[in-house]
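Student: The listed protein sequences derive, respectively, from chains A, B, C and D. If you count by the working numbering, then the first sequence holds residues 1 to 406, one letter each, in order. If you count by the working numbering, then the second sequence holds residues 1 to 406, one letter each, in order. If you count by the working numbering, then the third sequence holds residues 1 to 366, one letter each, in order. If you count by the working numbering, then the fourth sequence holds residues 1 to 366, one letter each, in order. C-beta atoms are modelled at their ideal positions from N, C-alpha and C, and glycine is treated no differently. Fair warning: this is a prediction, and the values are worked out from it, not measured in the lab. The structure's right below; bear with me while I get my questions together.
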Amino acid sequence: MHQTAPPARIDESAFRREVRAWLADNAAEYREARAWPEAELVARSLAWQKRKAEAGFGLITEPPGLGGRDGTAAMASIFAEEEARYHTPTFTGLGIAFGMALPTIRKHGAPEQYRRFAEPTIKGEAAWCQLFSEPSAGSDLAGLRTRAVRDGERWIVNGQKVWSSWAHHARFGILLARTDPTVVKHQGLTFFVLDMRTPGIEVRPIRQISGKSDFNETFLTDVVIPDANRIGAEGEGWACAMTVLMNERHGASERASVSHDSVENLLRAALAAGRLDSSSVRSKLAQWWVEEQGLKNFGLRIRAALERGETPPPAVAMMKLVSATKMQQTNAFLMDLGEYGGLFSEPDRPEQEQVFFQYIWSSAMMIAGGADEILRNQLAERVLGMPSEPRMDKVPFNELPGIKSS
Amino acid sequence: MHQTAPPARIDESAFRREVRAWLADNAAEYREARAWPEAELVARSLAWQKRKAEAGFGLITEPPGLGGRDGTAAMASIFAEEEARYHTPTFTGLGIAFGMALPTIRKHGAPEQYRRFAEPTIKGEAAWCQLFSEPSAGSDLAGLRTRAVRDGERWIVNGQKVWSSWAHHARFGILLARTDPTVVKHQGLTFFVLDMRTPGIEVRPIRQISGKSDFNETFLTDVVIPDANRIGAEGEGWACAMTVLMNERHGASERASVSHDSVENLLRAALAAGRLDSSSVRSKLAQWWVEEQGLKNFGLRIRAALERGETPPPAVAMMKLVSATKMQQTNAFLMDLGEYGGLFSEPDRPEQEQVFFQYIWSSAMMIAGGADEILRNQLAERVLGMPSEPRMDKVPFNELPGIKSS
Amino acid sequence: MDLHFGDELKQLQEEVRRLLTERVSANLLRRLISEDEGYDPALWRTAAELGLLGAAVPEQYGGSGLGERAVCAIAEEMGRAVAPLPFFSSICLAAEAIKLAGAPAQKSAWLPRLASGEAIGTFAWQEGLGPPETDVDARFENGRISGVKSPVPDALLADVAVVVCEGPRLALADLSKGVRREPLRGFDQLRSHAKLVFENTPAEAMDVPDPKDALRRLYDRAAIYAAFEQLGAAESAMFMARDYTLQRYTFGRQLASYQAVKHNLANILVMVELARSNALYAAAALEADAPDLGAAAATARLAATRAYETAARENLQLHGGVGFTWEADCHFHYRRARLLALSLGSPAIWENRLIEALTKKNAAAA
Amino acid sequence: MDLHFGDELKQLQEEVRRLLTERVSANLLRRLISEDEGYDPALWRTAAELGLLGAAVPEQYGGSGLGERAVCAIAEEMGRAVAPLPFFSSICLAAEAIKLAGAPAQKSAWLPRLASGEAIGTFAWQEGLGPPETDVDARFENGRISGVKSPVPDALLADVAVVVCEGPRLALADLSKGVRREPLRGFDQLRSHAKLVFENTPAEAMDVPDPKDALRRLYDRAAIYAAFEQLGAAESAMFMARDYTLQRYTFGRQLASYQAVKHNLANILVMVELARSNALYAAAALEADAPDLGAAAATARLAATRAYETAARENLQLHGGVGFTWEADCHFHYRRARLLALSLGSPAIWENRLIEALTKKNAAAA
């Protein structure tokens, strides 16, 4: 069920026509969805970004010198909507760049720093990775152990990062490291941009339960970072990290809210399997529809509030919470529809592999960018104003249980 | 679906025959279920208890002088099974007496005390009530504020108790009171038997959401208790209370496990409403059946383990957890079956009032004898060995937040 | 589709909220239950004076013509306050039915009186147990109705009823003319219901060309108003639980600081926000008379029913033993949630309506 | 009905558990997946030597005749260890089918070989998507089978298959005789499956008088064994999650000390205990061939499926990001839980079987 698109305002429709024409000329080869091998996807993503920058669509709100056109946020969304009609290549390293790295550097860094990192990125010369999580610091990100020690005008970094997606294709990394272990854990962190070509960086793939290796472990051994790449003040890394995470979650919800009309697909699958007359199937489809439409409409509310300059409804954290669980349930359902046979992908049903992959992937979605449990804490605390749990970690980092002992 | 009864052992079948014959002679008037007015129910309950005691069935494991016959636990269960074929009157005041008060006094009190309180109870002369919970101490029972102050060979008690069911019909009450507020809260409690005829006791009914008033608030003003009625040592009331609660929960599970075959009733109701061909109705019935049978079979496992002198499976706390939730769900289902009309009790469908009452009552069942949340904590801690949450209440009682301020 | 309620509506809604906060206390509700009173007539008059009853009645019939979204906003506040008023029966059902299916004379006769609160209306569709409108037995012939409708909401108060008869046909019955009313004992003690017994009772035909379609549209519209009522009520139950757990200490901590409590309320918050988003979309679809109104109404209703039932149940549970007392007021929502879940048809019925709508759309697209 | 497993069985079960703990490491499982190996032949030989395969095979056919409860106990341990053995296919399906429906000569020919592990059996019922046995196309005529059965568990390893053909009729096929096997890509990478293509393949009739009834009984029996397999696996996943949360610190506390984590595991514990109680009852009913075996089997299967699916999912979730790594081993259960949930028919099918059984009983009582 498609909802009626909001009526375009007069001054925007001309821009939309321009965008459509440009895309028709430049994105024709991306009309259909295609799966590229990893290296090709990366190369195509960067090339496509470059082409957009040359036409002033690289980051519309930036000036022309930076690959933009001094445009408005509304223009940016129009471009995004129109681009979404194509299957243009965008690998994760660009998502991190535009969704997390640049907004954070703009907010917390010096203008010189923003310009230095934004330019190659917008022009399609640099992808990014995120070096935050560690084997012992996931939900509790502030518990990370990677150390950065100042040495004059530079920093020497040692440690191990994990879940750094596509790090092997990144030109830069945003890095959170501990610069003072003698203060409470949130206060001893500093935020850096790491040039991924620096010696001492080793990127190793992590084999996932899907069998793929989208993520890496990154080992840092005496890696040197110039102080000029420090973003924000020493010890203020946590504030930068929060900006990154806010942007990450918002991005995840955006993606969730524009997910394809999956309940309509489920309905067709149930129909094809002759199960649409089952009231329990109907009941499940109805519940998922309620969630899918609820998220879509919640997204419309957010967008409308932003457009009016109002505070959006604060429960954004719910978007990933709902969509990840639904993803697990609906893909289990698609297996169930086939009964025993639904657990096998014969050559005439290659889409079943996609069902398996999504069922597996849902378990990562329920963790990445904030585990469900953490999101529920946040909803209770930030939206409902309930108190946080008694904290046991308000002591200097090096006196924490689990740190002391190790 | 009735399960095959376990094959009776040879030496037990004679006893079973004797019981059947006695019940046939003495309980004939209780063949059918009847609802008596409150006062009559109390009188009949005590009279029936008296008659059982005269025949040595009052408490089978006790000696004849105490209304028993020095029988075994197996004989007691046989009697219970056979009595359950009738609808003999047993009001809550006797359930508390036999299920909670006497076992606790036997375990923690002196033999003289046990005999003193057991005799009138077994002979049908005394019902009991429980004076534990307070307005500000529910799940956190040890946070209670009722004070008992020693005055030579007696104690002076002041405070307010709540949820003391049927207190107005009780001859004795089991009372938990704070005798030392300067120590950690669990350590300052003492356990007493309170003669409900003592001056200074005021029992006020609490109106419940069902509209009824099964429970009371009991106000204690300078109530005197002789030290001879103290059970266990001063400051050891918590251990006694734990014995009471264990027995209460076990009792609740026993009742749950012998609940009538309610899913079969639901099935008949669904059939009558023409809804049994709905797969979502089938799915719900199947799930409740799984729970109902699971509890019944769990009960068989407990009994078998006890009979073999082994430790029963430790997850007893789950019985109330499962049955109370199921009670709420199934009674909502019985309303749903009738659609809008299911929310009204016309004279030709008086059973609908019972559905309403059970739906309401389920919400009490989810709290009484341990809220669901507390039971889940217990299962995690006692069965799975997970740690308790950080405790904020390991300080002297009179320094607790919420106590200090009040 | 703009989901936003404009400033005018927001102001109206706040006004209603203030009024009901002031005038609808738990004491009032408990008193009404004890005295078996169906509603608060003084509050009804005030609501009428403020123009709340005629919000979606066209100006030519004495309404303010604010539109359907205004009714949604008011219904939300009615739900939040568990307001003891026949608003849903008279405005969301009867007035809507007359607007949809009434002849011009019927509109002129009744809409102004409903909008002014002078008359109370209701809608009589159910006949005992089972889904609405299967095997309607009530007959309308030669200007007379025979049959029994039950349960009918606020039927003891009502002056006029729109009655679904076999066919289906719709008839308009002036209840002062020979209708027997038998009060019913219901699970929700705050909204009175009765059985209406028609014995050759005079009534007027509502000769809409396609009564079946009119009924479908009426249910869609009523479902959206009900969704707002449920939404306001769900939010109220959620905040009631939140506030109690903030104030209650157990084991030396605020109850609200326990993760099980927080997650429980977070889950309810998610349901409430989904319900609100879907309700806002449905309200916009309603005002625009959008082609996907049927699906939008079912979506809003299902989301709101789930949110309210869960919030009402968990509110009681989170109050612990206190919640089981008459004075704790959790029972108003615990009972009302069930009433609203079933009164326009259970979730199973709306799931079917939704899937039918989606299937039809899918077939059309194929 | 005595639900207790006697000392002899408990000892056997502990022995199996020790063996599998020792011999089935996560490394082994990961290696078998990488190498696309269907099972561990050395472990299979050991299991045979210990008499685990012939536990429910009568002594006259080379089994130990320990009885069905022994198979249940062994299946529980197989599930706990995610043991890479064709135990379920060969013993719980093929041997059971031959016991139920085989002619004496067929029993003599195959049961001793299955009990000794010398031959591996399987059961071929499914034909692609959809519920089992609706529209069976495979035909058995004149001692030959034609048709395609898929998926068939452990079919690449099997020497003999009991094949459901149109009718229904049951046939016994020696798989060395002209059967094409096409390996399948399955969601669970640890239990291999294949498509069996019969093209006029010689086979023997299994002329049981009422094949429909034999199939019903076979599914009931297999469902009970599967319930034990699921039960052991669910408990294993539950303890795996518990152990991880005990060892992991987050925000300065053990993960296991968080109430959301504790309640999650407590809920799983409840499901596991319900599943165990229902499985024990079903095992007793199986050994006694009780009249309520059908309902008991469905009850056990539904309870066990729910417990295992939940435990496997939550185990992965409670491991956080680590759970998503190949080395964390949560995926064995995450995938296996789905296989066991569907392999004998989804919960929807067993819900129907259960309700049919209860309805029949209710009708008989009325």
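When you compare the CB positions of C:Leu12 and C:Arg191, do they come within less than 8 Å of one another, or not?
Tutor: Not in contact: C:Leu12 and C:Arg191 (Cβ atoms no closer than 8 Å).
Student: Under the assumption that D:Leu129 contacts A:Glu339 (Cβ atoms under 8 Å), give the Cβ distance between them as a whole number of angstroms.
Tutor: Right, the Cβ-Cβ distance comes to about 7 Å (below 8 Å), so this counts as a contact.
Student: So if I threshold CB-CB distances at 8 Å, which residues from the stretch 252 to 263 of chain D count as touching chain C?
Tutor: Residues passing the 8 Å Cβ filter: Tyr258, Gln259, Ala260 and His263.
Student: DSSP on D:Leu302, reduced to helix/strand/coil?
Tutor: Residue state, collapsed to three classes: helix.
Student: Among the residues of its own chain, which have a CB less than 8 Å from the CB of B:Leu23, if the five just before and after it don't count?
Tutor: Cβ neighbours of B:Leu23 beyond the five flanking positions: Glu82, Glu83, Arg85 and Tyr86.
Student: Between the stretch 229 to 238 of chain C and the stretch 229 to 239 of chain D, do three or more beta carbon pairs fall short of 8 Å?
Tutor: Short answer: they don't touch.
Student: For A:Pro226, report the span of its beta strand (DSSP E) as first-last.
Tutor: Start and end: Asn216 to Pro226.
Student: Cβ atoms of B:Ala110 and D:Leu354: under 8 Å apart, would you say?
Tutor: No.
Student: Going by beta carbon distance, what residues of the same chain come within less than 6 Å of C:Ala311, once the five residues before and after it are set aside?
Tutor: Closer than 6 Å at the Cβ level, and outside the excluded window around C:Ala311, lie Ala234, Ala237, Met238 and Ile268.
Student: Listed from N- to C-terminal order along the chain, which residues in the stretch 62 to 74 of chain A have their beta-carbon within a distance smaller than 7 Å of any beta-carbon of chain B?
Tutor: Under the 7 Å Cβ criterion, the stretch 62 to 74 of chain A contributes no residue.
Student: In the DSSP assignment, find the alpha helix (DSSP H) that holds B:Ala304 and state where it starts and stops.
Tutor: Element bounds for B:Ala304: Ser279 to Glu307.
Student: Nearest to A:Gln328 by alpha carbon, out of A:Ile367, A:Leu189 and A:Arg147?
Tutor: Ranking A:Ile367, A:Leu189 and A:Arg147 by Cα distance to A:Gln328 puts A:Ile367 first.
Student: Give me the residue from B:Gln49, B:Pro120 and B:Lys107 with the minimum Cα distance to B:Phe91.
Tutor: Comparing Cα positions, the closest option is B:Gln49.
Student: State whether the stretch 33 to 45 of chain C contacts the stretch 83 to 92 of chain C, with contact taken as three or more CB pairs (one from each stretch) at a distance under 8 Å.
Tutor: These segments touch.
Student: Less than 8 Å between the beta carbons of D:Leu265 and D:Ala241, yes or no?
Tutor: Yes; because the gap between Cβ atoms is below 8 Å, this pair is in contact.
Student: If the cut is a Cβ gap below 8 Å, which residues of chain C does B:Trp163 touch?
Tutor: Near B:Trp163 (Cβ distances below 8 Å), the residues of chain C are Gly321.
Student: Residues of chain C with CB under 7 Å from B:Gly56, in chain order?
Tutor: Simply none; closest approach about 39 Å.
Student: For the structure I just gave you, are there three or more beta carbon pairs, one from the stretch 300 to 309 of chain D and one from the stretch 340 to 351 of chain A, closer than 8 Å?
Tutor: Touching, no, given that fewer than three Cβ pairs across the two stretches are closer than 8 Å.
Student: Going by DSSP, what residues sit across from A:Leu176 in a beta bridge?
Tutor: Answer by DSSP bridge pairing, in chain order: A:Phe191.
Student: Using CA coordinates, which residue listed in C:Ala296, C:Lys149 and C:Gly54 is at the minimum distance from C:Arg367?
Tutor: One cannot answer for residue 367 of chain C here, as it falls past the ends of chain C, which runs 1 to 366.
Student: Does the structure place the stretch 111 to 125 of chain D close enough to the stretch 89 to 102 of chain D that three or more beta carbon pairs sit under 8 Å?
Tutor: Output reads yes: the stretch 111 to 125 of chain D touches the stretch 89 to 102 of chain D.
Student: Is it the case that the Cβ atoms of C:Val57 and C:Gly63 are separated by a distance below 8 Å?
Tutor: A contact, by the Cβ cut-off of 8 Å.
Student: Against chain D, does B:Leu285 count as a neighbour if the rule is that its beta carbon must be under 8 Å from one of theirs?
Tutor: Yes, because at least one Cβ of chain D sits closer than 8 Å to the Cβ of B:Leu285.
Student: Taking B:Ala371 as the query, report the chain D residues whose CB atoms sit under 7 Å from its CB, ordered along the chain.
Tutor: Ordered by position in chain D, no residue passes the 7 Å Cβ test against B:Ala371, which lies about 12 Å from the chain.
Student: Rounded to whole angstroms, what's the CA-CA distance from B:Arg16 to B:Met75? Just pull it up for me.
Tutor: One C-alpha to the other measures close to 8 Å.
Student: What residues from chain B crowd round D:Tyr244, counting only those whose CB sits closer than 8 Å?
Tutor: The premise fails here: D:Tyr244 is roughly 12 Å from chain B at the closest Cβ pair, so nothing lies under 8 Å.
Student: For chain B, find out if any of its Cβ atoms is closer than 8 Å to the Cβ of D:Glu351; answer yes or no.
Tutor: Yes, contact with chain B.
Student: For C:Asp188, count the other beta carbons within 10 Å of its own beta carbon; 16 or more makes it buried, fewer makes it exposed. Which is it?
Tutor: Label assigned to C:Asp188: buried.
Student: How long is the line joining the alpha carbons of D:Gly6 and D:Ala95, rounded to whole angstroms?
Tutor: Between D:Gly6 and D:Ala95, the C-alpha separation is close to 24 Å.
Student: In chain B, which residues lie less than 8 Å from A:Met392 when you measure between Cβ atoms?
Tutor: In chain order: Pro390.
Student: Using the DSSP secondary-structure output, state which residues sit across from A:Phe344 in a beta bridge.
Tutor: Note: A:Phe344 sits in a beta bridge opposite D:Gly186.
Student: Does the contact criterion of 3 or more C-beta pairs under 8 Å hold for the stretch 200 to 210 of chain B versus the stretch 134 to 146 of chain B?
Tutor: With the cut-off at 8 Å, the stretch 200 to 210 of chain B and the stretch 134 to 146 of chain B do not touch.
Student: For D:Arg80, which residues from the same chain have a beta carbon less than 8 Å from its beta carbon, with the 5 sequence-adjacent residues on both sides left out?
Tutor: Cβ within range, chain order: Arg17, Leu20, Gly232, Ala233, Glu235 and Ser236.
Student: Candidates A:Ile96, A:Phe172 and A:Pro313: which alpha carbon is nearest A:Glu248's?
Tutor: Minimum Cα distance to A:Glu248 is reached at A:Ile96.
Student: Can you round the beta-carbon distance between C:Pro153 and C:Ser343 to whole angstroms, since I take them to be within the 8 Å contact cut?
Tutor: With 8 Å as the limit, C:Pro153 and C:Ser343 qualify as a contact, their Cβ atoms being about 7 Å apart.
Student: For A:Pro396, does the three-state DSSP call read helix, strand or coil?
Tutor: Strand.
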